[in-house]
Amino acid sequence: MRTIFHLDLDAFFVSVERILNPLLEGKPVIVGGDPYGRGVVAACSYEARKFGLHSAMPIRTALKLCPQGIYLLGHFKEYSRYSRAVKNILSSYAPVIEQASIDEFYMDFTGCKRMYGSMFEFASRLQKEIWIKLSLPCSIGIGGNKTVAKIGSDCLKPMGITFIIPGMEKEFLAPMPVETIPGVGKVTLRELNSKGIYKVCGITKLPSDYFAAAFGKYGIDLWRKANGEGREYLTVEREQKSISKETTFDHDLVNKKIIYDTLFELTGKVCHLLRENNWQASTVAIKLRYSDFQTITRSKTINPSSDDDKVIFDIALEMLKKAQTRRVAVRLIGIGLTKFNMFSEQEVLFEDNETKRKRLFRAIDWLRRKYNYSIVTMGVH
Amino acid sequence: MTKYFIGTAGWSYQDWVRVFYPKLQAGGIDWLQFYSHYFNCVEVNSTYYSYLSPKIVQDWVRKILDSEDFMFTVKLHQDFTHKKNYDEQKIKAVRYNLDILAKSERLGGILVQFPYSFSFTNVTGDYVRKLSEIFQTYNLFVELRHASWQNKHAIELFRELNLTFCTIDQPQIGKAISFEPLITNDRAYIRFHGRNVEAWKKSINSYGKEQSSEEQSDRYKYLYSPGELVEIQQKIKEVQEKVKEVYVIMNNHPQGEAIANAFELIHLLEEKITVDMPDTIVKAYPRLQPITESESNSTQMTLI
Chain A
3 MRTIFHLDLD
13 AFFVSVERIL
23 NPLLEGKPVI
33 VGGDPYGRGV
43 VAACSYEARK
53 FGLHSAMPIR
63 TALKLCPQGI
73 YLLGHFKEYS
83 RYSRAVKNIL
93 SSYAPVIEQA
103 SIDEFYMDFT
113 GCKRMYGSMF
123 EFASRLQKEI
133 WIKLSLPCSI
143 GIGGNKTVAK
153 IGSDCLKPMG
163 ITFIIPGMEK
173 EFLAPMPVET
183 IPGVGKVTLR
193 ELNSKGIYKV
203 CGITKLPSDY
213 FAAAFGKYGI
223 DLWRKANGEG
233 REYLTVEREQ
243 KSISKETTFD
253 HDLVNKKIIY
263 DTLFELTGKV
273 CHLLRENNWQ
283 ASTVAIKLRY
293 SDFQTITRSK
303 TINPSSDDDK
313 VIFDIALEML
323 KKAQTRRVAV
333 RLIGIGLTKF
343 NMFSEQEVLF
353 EDNETKRKRL
363 FRAIDWLRRK
373 YNYSIVTMGV
383 H
Chain B
3 MTKYFIGTAG
13 WSYQDWVRVF
23 YPKLQAGGID
33 WLQFYSHYFN
43 CVEVNSTYYS
53 YLSPKIVQDW
63 VRKILDSEDF
73 MFTVKLHQDF
83 THKKNYDEQK
93 IKAVRYNLDI
103 LAKSERLGGI
113 LVQFPYSFSF
123 TNVTGDYVRK
133 LSEIFQTYNL
143 FVELRHASWQ
153 NKHAIELFRE
163 LNLTFCTIDQ
173 PQIGKAISFE
183 PLITNDRAYI
193 RFHGRNVEAW
203 KKSINSYGKE
213 QSSEEQSDRY
223 KYLYSPGELV
233 EIQQKIKEVQ
243 EKVKEVYVIM
253 NNHPQGEAIA
263 NAFELIHLLE
273 EKITVDMPDT
283 IVKAYPRLQP
293 ITESESNSTQ
303 MTLI
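Chains A and B are the protein sequences, given in the same order.
Heads up, the working numbering is the position in the first sequence plus 2, with the first residue counted as 1.
Heads up, the working numbering is the position in the second sequence plus 2, with the first residue counted as 1.
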């Protein structure tokens with residue numbers, strides 16, 4: 003079971019507007035298009051919601067319902083700055099972050115309980131830090147998947163924290179209105195209501211086939227969500243698709259030991275970079291160039307993915323030994339890592355057999371960051 | 003624990019009356035004394051234009067007696083940085099005043115600001131070395147505005163000479179150096195010139211022509227937004243652990259914008275929930291209200 007956080011900044015645009023102008027505090031504030039134009043409400047304060055206003059409502063309708071509201075066009079650059087600032091704070095804790103929108107973040111804290119203690123209390127600390135440092139209120143939902151976490155964060159707004167006990171997802175969702183499920187819009191709601199389904203438990207009582215027949219693939223998805231299932235893995239922007247290092251020898255080499263030692267050294271460097279980015283690689287590739295420029299590349303998928311020098315070196319060395327069939331001097335050797343995975347790290351983080359080495363590598367990385375890479379060198383035995 | 007010195011570039015601005023300094027009917031208040039009640043540092047800029055009488059400097063020290071940890075940083079005369087026209091006598095004059103502050107333990111260091119045209123070459127590198135030798139007994143904060151200095155060799159030179167590489171925030175025009183803290187010794191010196199791109203461009207175009215003081219200060223007219231300050235705070239925090247002292251100087255002085263931003267940065271960087279500030283600035287900049295201490299807590303200003 004994973005531990006997914008969904009952090010939603012409460013009435014984000016309005017919160018930022020209130021930092022820019024504290025006099026807006028306690029007043030119905032609406033950010034969106036020109037109130038006499040054709041735009042929609044981008045965000046509104048809780049005071050404005052009391053008048054029936056909500057996001058995406060035509061701004062003219064909003065003006066009719068709440069003529070005393072303060073209508074602002076918004077400072078979108080400023081919103082981006084604050085959004086980045088929130089992400090920066092979250093990055094210092096979360097191994098994996100998916101920014102779903104300017105004011106919504108998913109984080110995967112699977113396996114972090116030993117590091118951060120009770121997840122509920124940790125969420126509370128996180129919420130407090132964002133409030134103190136940035137004056138932004140937020141709500142957090144903690145669940146076993148993205149859907150449940152998202153529904154959770156919406157439960158107790160503003161400044162709420164909802165922890166959905168693992169295994170209780172279905173019960174948690176059962177009494178909620180069907181429109182709570184992300185993706186249920188006006189049309190689906192109408193159709194569900196017409197079938198006499200108003201609450202989430204109304205969906206789960208029926209077999210999935212029923213929804214498959216009524217809504218197709220979307221129907222199965224809906225049924226799964228109603229049962230507390232959802233996507234467990236986050237989508238993360240991968241700026242860098244691969245990490246590789248290679249060395250061209252000063253003189254072409256036949257001495258295999260030096261070649262293997264060089265491979266070991268290069269492995270150390272790529273693994274260090276990998277860990278610095280909180281990544282693990284699923285594919286290891288090697289490159290071998292003979293003195294006549296014949297170049298051979300080999301790659302292998304590793305499962306589970308890893309950031310461990312030893313694991314990666316063993317695989318790379320095995321590939322190199324198999325690839326190096328000619329008795330010709332070697333000009334260049336290289337190693338590359340691709341297909342990064344940020345998720346499985348936490349699963350194995352505290353497994354005993356690897357814990358020691360992982361801690362050692364982290365300590366080494368820390369030393370290298372503080373001083374320089376060569377402060378620690380490792381040997382092969 | 004890193005110590006923050008947060009203040010402004012200069013304190014003597016007529017347009018700060020009513021937005022920072024109170025307007026009084028009779029008598030008056032001493033601006034520096036008033037200023038030192040709220041800030042622990044000021045950058046002296048008048049020394050860039052003239053060689054001051056030591057009496058003036060002694061007077062400053064006397065005025066800030068009550069503010070225990072107050073520090074001055076002093077901008078080096080333009081003869082050294084812009085005109086390259088200095089001699090032994092000028093060096094002596096500068097040193098004399100610096101020593102008054104140093105002996106009173108009120109000298110944070112010297113700001114050596116070079117113009118944008120001073121780009122990184124062997125010659126300019128040697129010139130920096132020469133100046134650092136002349137003033138080697140003081141902490142030197144060297145401000146460079148050309149991006150060519152953001153390179154490995156320049157940083158190595160700074161580390162070798164134990165000079166602080168100033169971090170500056172300025173409008174990004176041409177090869178202007180970007181806001182990227184580079185740590186070269188155990189101090190950081192960060193100057194904010196505002197981001198008024200248009201006025202800055204205008205000022206570059208009229209370089210060498212006669213300009214009124216309003217026109218000259220126009221390019222510093224800029225109020226950093228709360229979001230920009232939060233970004234700045236997060237960047238400074240990244241380097242905080244690497245240094246013992248961080249000087250943060252706001253140079254966006256027109257209409258007291260530097261003062262408002264300096265209070266906001268005290269709140270953000272020193273992680274103070276509320277900051278002691280006079281009513282004048284809160285009235286001028288209402289967004290400061292949530293971080294101000296209640297009026298009853300604010301200390302009475304000293305009248306002379």
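In this text, a Cβ means the ideal position worked out from N, Cα and C, and glycines have one as well.
| Check | Outcome |
| --- | --- |
| N-terminal and C-terminal residue of the beta strand (DSSP E) that S293 of chain A is part of | Note, S293 of chain A: premise wrong, no beta strand (DSSP E); not H, not E. |
| Nearest residue (CA-CA) to F363 of chain A, options A:G169, A:D310, A:N374 and A:S85 | A:D310 |
| Helix, strand or coil at Q138 of chain B according to DSSP, with G and I counted as helix | coil |
| Proximity test, Cβ basis, 8 Å: A365 of chain A and chain B | no |
| Close-in-space but distant-in-sequence residues of the same chain around K86 of chain B (CB under 8 Å, 5 per side omitted) | Y129 |
| Distance CB(R4 of chain A)-CB(D110 of chain A) smaller than 8 Å | yes |
| Below-8 Å beta-carbon distance, F104 of chain A vs any chain B residue | Correcting the residue type first, residue 104 of chain A is Ile in the shown sequence and not Phe. No, its Cβ sits nowhere closer than 8 Å to a Cβ of chain B. |
| Cβ of V277 of chain B within 8 Å of any chain A Cβ | no |
| Neighbour flag for E233 of chain B against chain A, beta carbons, 8 Å | yes |
| Whole-angstrom distance between E200 of chain B and Q218 of chain B, CA atom to CA atom | 13 Å |
| H8 of chain A to S103 of chain A span [Cα, whole Å] | 12 Å |
| For T269 of chain A, the first and last residue of its enclosing alpha helix (DSSP H) | K258 to E278 |
| Simplified DSSP assignment, three categories, for I183 of chain A | coil |
| Under 8 Å from the C-beta of R289 of chain B: neighbouring residues of chain A | I21, L22, N23 and P24 |
| Check: G154 of chain A C-beta below 7 Å from any heavy atom of the ligand SAM | Of the ligands one can find in the structure shown there are none, so the ligand SAM has no counterpart to examine. |
| Listed by chain order, chain A residues near E70 of chain B by CB distance under 9 Å | The premise fails here: E70 of chain B is roughly 28 Å from chain A at the closest Cβ pair, so nothing lies under 9 Å. |
| Endpoints, beta strand (DSSP E) assigned at F251 of chain A | S244 to L255 |
| DSSP three-state assignment for C203 of chain A, whether helix, strand or coil | helix |
| Through-space distance from T112 of chain A to E349 of chain A, alpha-carbon basis | At E349 of chain A the pLDDT is 38, less than 50, meaning the model places this residue with poor confidence and gives no usable figure here. |
| Rounded straight-line distance, which links the Cα of M279 of chain B to that of W18 of chain B | 14 Å |
| Cβ separation of I6 of chain A and G119 of chain A, assumed to be a contact under 8 Å, to the nearest whole Å | 18 Å between Cβ atoms; not a contact. |
| is_contact[P183 of chain B, chain A] using C-beta, thresh 8 Å | no |
| Residues sharing a beta bridge with L109 of chain B, DSSP | B:F74 |
| Beta-carbon proximity of A283 of chain A to L290 of chain A, cut-off 8 Å | no |
| Sequence-distant residues of its chain with Cβ nearer than 6 Å to M59 of chain A (five each side left out) | V43 |
| Alpha-carbon spacing of L34 of chain B relative to N374 of chain A, whole angstroms | 45 Å |
| Residue environment, T327 of chain A, which counts as buried when at least 16 other CB atoms sit within 10 Å | exposed |
| Cβ of A375 of chain A within 8 Å of any chain B Cβ | The sequence shown places Tyr at residue 375 of chain A, not Ala. Chain B contact via Cβ: absent. |
| Straight-line Cα distance separating I288 of chain A from S346 of chain A | In this predicted model, S346 of chain A has a pLDDT of only 38, less than 50, meaning its place in the structure is not dependable; the value taken from the coordinates is given anyway. Taking the straight line joining both Cα atoms gives about 23 Å. |
| With 16 other Cβ atoms within 10 Å as the buried cut-off, status of V59 of chain B | buried |
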